[in-house]
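Following: one structure in structure tokens, then a few remarks.
Numbering (the working numbering), first residue to last: 35 to 698.
Pasting the structure below:
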């Protein structure tokens, strides 16, 4: 079972047991919200409570086998209790543990350490699959048998005792910095996104997207791009984007003439872009800010122009495909009116919490406090809607013909609306709990791998190898880094792929002379590509489940549409001005050059512009776009000349073919 399938393969509980499980999950989630507002516990305690709750819930929510009998459920209850015990030991003995550099009760702590490792491996297997278990075990084997490995990859090897201590009690072990980010920032943003969706405010994004993009040629595809860009600003997750917007946009695209594979690919590619779209960008952005020790605002500022370039390329790609397949705008009856799309109270319910979030971030408050007050604002706006008897945003649903339509929600009596609000908050918090469990397992796997990379010195080894293979050729070194980052990311969600990639590949980029932030952003972008890169592409699998297309066909279209995502990181790492660093005139020049290059690569990849583009103009346009990567006015002129020549040749050939096709 693939990860995105596992994320929805929850056990079904009813009656008192179901109510008890939901109550425990919600109380666990509220612990994160409360500590964000009043101050978090000391690091090990906060992280141990976070991971202990996640491990307990993963055993209760995810069945361990296809046959889920009462005996299996009782066994999983025992595993959940064990998870609380072994991590509760750290919470209870926090002061002693942080003051020591080795075991304080060696026998007991070794037993707890091995038990916790087995519990984490089983939790990771249930939530993420065997691939992650295999990766973790492979790194442990490498750490233990390093002394027997010849060549540069060999190392002294680590003893069993050292591995157990480092995993269970070490400051960079399972409860290391990545788990700290999961226990605070990542969890809070998942809660924020879940509450926005459950409150109905997220519907506004789709209405605005239909209003803005529906009138353009290929309007259904444009709605998918705009909708995923808007949703990505909040949830920062490919699969979450596909499953939330795709259930509306993919049926709409299919109904209006888009092929199944193309419809799924547009949604998957746009949702992948949601992970790189400020202001949220997904959990990986918070990992980056923490690893770099910079303000989160610096990360999102650096990602702003690259993300806009990607969505520009995606819009161009959708438009070119619309021309190629003669796809029309949305019918007028499907486009919401301005009154529906921009209704004052639903807009306020969406943008006031987001505005509060951005205000706190800009004024350099902690991320935890910023998200805490944004969550409070969501609840306040829900209450205000009841007191003011404001009409909620129209509900987006699909009709019998699978066309998304907006239906005005009835205005219920006050008591019913209060009960409905309570249910929405309850459901939102429970959805957040399940999402946090899944992400916590991802972070746990990534934290173990990163810790072992640091303990064995594998990151330093890779750094030396890449610099040596590149032999002074910066572009070759970047291409090699890209390939390794994509390989590391296959099968991994973006946060885990970025964390592992940063541990292995960040140092080589820094040694090659690249700036710190663009170097990490380079790795983050290629970690995001894993969502649409075969053979394991979570975004594609999620889209195919809705579109009914094929995996490889959808992935092929997605790779073509998102081809700019393979070029943009090279642009900004070699032109730091695109991360808004440097002189304004240099930033403007780099932006113009990058825009032309990205437009050119989209035309060359799709092979259509007022008609089919033949092979020679495509080669010239692509070569010109690639030449614009190098930050030098000479290569920019060469790139412009090549791209211009290719476009002119295409227009001439197209005009000639049209003239020949018209009878005298």
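Backbone N, C-alpha and C fix where the C-beta goes; we use that ideal spot for every residue, glycine too.
- In this structure, residue 394 sits near residue 404, with a CB-CB distance shorter than 8 Å.
- Fully contained in the region 185-267 are the following alpha helix (DSSP H) runs of length 4 or more, in chain order: 194-202, 211-215, 221-233, 237-247 and 253-266.
- A straight line joining the alpha-carbon of residue 567 with that of residue 452 spans about 45 Å.
- Residue pairing by DSSP puts residue 642 in a beta bridge opposite 646.
- Distances from the CA of residue 259 to each of 660, 360, 301 and 607 were compared; the closest alpha carbon is that of 301.
- Comparing alpha-carbon positions, the option among 419, 348 and 362 lying closest to residue 380 turns out to be 419.
- DSSP places residue 574 in the uninterrupted alpha helix (DSSP H) bounded by 572-581.
- Counting only runs that start and end inside the region 578-623, there is no beta strand (DSSP E) element of at least 3 residues.
- The DSSP-derived three-state label of residue 328 is coil.
- Residue 629 carries a helical assignment under DSSP once its states are collapsed to helix, strand and coil.
- In chain order, 669, 672, 673 and 676 place their CB closer than 7 Å to the CB of residue 661, counting only its own chain and leaving out the 5 sequence neighbours on each side.
- DSSP places residue 159 within a helical segment (H, G or I) once states are collapsed to three.
- Counting C-beta pairs closer than 8 Å gives fewer than three between the region 603-620 and the region 320-330, which falls short of the contact rule.
- In the DSSP assignment, residue 469 falls within the unbroken alpha helix (DSSP H) covering 448-490.
- Within the same chain, Cβ atoms closer than 7 Å to the Cβ of residue 239 are found at 261, 264 and 265, the five residues on either side in sequence being excluded.
- Contact check between the region 211-218 and the region 466-477: three or more CB pairs, one atom from each, fall below 8 Å, which counts as touching.
- Collapsing the DSSP output to three states places residue 335 in a helix.
- Here residue 573 has 272, 273, 276, 302, 305, 306, 565 and 566 as same chain residues with Cβ atoms under 7 Å from its own Cβ, once five neighbours each way along the sequence are excluded.
- Membership of residue 367 in any alpha helix (DSSP H) is not indicated, and neither H nor E is assigned to it by DSSP.
- Here residue 377 carries a coil assignment [DSSP, helix/strand/coil].
- It is roughly 11 Å from the alpha-carbon of residue 146 to the alpha-carbon of residue 137.
- With fewer than 16 other CB atoms across the displayed protein chains lying within 10 angstroms of its CB, residue 119 is exposed.
- Of the candidates 645, 682 and 654, 645 places its Cα closest to the Cα of residue 353.
- Spanning the alpha carbons of residue 44 and residue 104 requires a straight line of approximately 16 Å.
- With contacts defined as CB atoms closer than 8 Å, residue 166 and residue 154 fail to qualify as a contacting pair.
- Here residue 547 carries a coil assignment [DSSP, helix/strand/coil].
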